[in-house]
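Read through the structure below, which is laid out as structure tokens, and then see the notes.
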Amino acid sequence: VISDLLCNRIDLSQLVITKELTKTDYAAKQAHVELAAKMKKRDAGNAPKLGDRVAYVFISATKGAPAYQKAEDPVYALQNSIPIDTNYYLENQLAKPLIRIFEPILGEKAESLLLKGDHTRTRCIATSQVGALAAFTRKKETCLGCKAVLPPDRENKAVCKHCESRESELFYNELQGQQKLEEKFSRLWTECQR
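Counting from 1, position 70 in the sequence shown corresponds to residue 685 in my numbering; the numbering is continuous, with no gaps.
Below is the structure:
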């Protein structure tokens with residue numbers, strides 16, 4: 616679950632948190648209250664009212680931003696491709712309960728095994744499709760050999776003109792990599808069927 620979370624493979628519906636809007640004046644700023652105010656500014660007719668449950672997810676924001684600023688309506692986040700703050704969910708929603716459950720079994724190394732193992736090394740860093748710099752970024756194809764950005768006339772090719780002489784070697788390497796992955800998958804599948 617942790618690696619799925621860090622690689623954005625978990626459905627957004629499983630990350631939704633809901634809280635009831637019981638009053639408008641809290642001593643400290645609360646995520647659901649601030650989101651309700653934000654939703655009221657966007658569309659007063661559909662904004663939650665007192666007694667309603669406010670559903671929200673935590674989105675990526677600037678480092679050190681308080682939780683109430685990261686709360687966003689799940690539908691709005693999905694429609695606008697706003698990336699989710701996976702670290703928040705890992706540190707605040709998963710880590711503490713998992714450590715409480717597994718510490719009696721695994722001892723002091725529970726935290727390092729659960730939260731810092733091989734399964735946490737691969738992370739997908741989502742970038743917003745909307746926002747300040749999104750208009751200036753474009754996805755470009757790169758050469759399989761030297762990783763250089765391919766010019767527009769070679770975007771449908773796998774390699775740049777400098778690596779063209781190594782094309783068969785690069786193809787063979789890619790093919791071997793895929794065969795290793797297929798073999799690994801087959802072994803895993805066989806193990807799971809036992």
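We put the CB at the ideal spot given by N, CA and C, even for glycine.
Three-state secondary structure (DSSP) of residue i
i: Lys644; result: coil
i: Lys762; result: coil
i: Val774; result: coil
i: Ile617; result: helix
i: Thr701; result: helix
i: Ala662; result: coil
i: Arg624; result: coil
Exposure label - residue i; buried when at least 16 CB within 10 Å
i: Pro766; result: exposed
i: Val648; result: buried
i: Cys775; result: buried
i: Asp768; result: exposed
i: Val669; result: buried
Span of the alpha helix (DSSP H), counted from its first residue to its last, around residue i
i: Ile716; result: 711-721
i: Cys807; result: 782-808
i: Ser727; result: 725-730
For residue i, the residue or residues it bridges with in DSSP
i: Ala670; result: Thr633
i: Glu687; result: Val672
i: Thr757; result: Val764
Segment contact, 8 angstroms Cβ cut-off, at least three pairs: the stretch 714-722 with the stretch 672-685
no
If we count Cβ pairs, one from each stretch, closer than 8 angstroms, do we get three or more for the stretch 685-702 versus the stretch 650-661?
yes
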